[in-house]
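Colleague: The sequence shown runs 217 to 290 under the numbering used here. Note that CB positions come from ideal geometry on N, CA and C, so glycine has one too. Keep in mind that this is a model prediction, so the values were computed, not measured. Submitted below is the structure of interest, expressed as structure tokens.
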Amino acid sequence: MLEKKIRRYKLIDTHRELVRQGKLSEARTVLKLLREGRVHLGLGDSDWTVEKLCEGVGCHISYNRRSYTATAYI
């Protein structure tokens, strides 16, 4: 439970930093992850950036069996 809260706070800080840098597409995806608890990521550049950020924070990421999409969970 505590680990999940720490991940959530790290994601909030990441969201703030993305907004400051002007990366609004990535910030919107991180916000969706914070609201819903999961987010589907595709093959685009912004989705890849969010996937790497989620890996750095410690989120669980599962991949589709065809590897076209990934789902990140808090």
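When you compare only the Cα positions, how much space is there between alanine 288 and leucine 234?
Modeller: About 18 Å.
Colleague: Taking the C-alpha atoms as reference points, what is the distance between lysine 220 and leucine 240?
Modeller: Distance between the alpha carbons of lysine 220 and leucine 240: 24 Å.
Colleague: For tyrosine 225, which three-state DSSP category applies?
Modeller: Three-state DSSP puts tyrosine 225 in a helix.
Colleague: Pull up the distance between the alpha-carbon of lysine 248 and that of arginine 282, whole angstroms please.
Modeller: Roughly 24 Å between the two C-alpha positions.
Colleague: Going by DSSP, what residue range makes up the alpha helix (DSSP H) through leucine 257?
Modeller: Taken as a continuous stretch (DSSP letters only), leucine 257 belongs to no alpha helix (DSSP H), being part of the beta strand (DSSP E) at 254-257.
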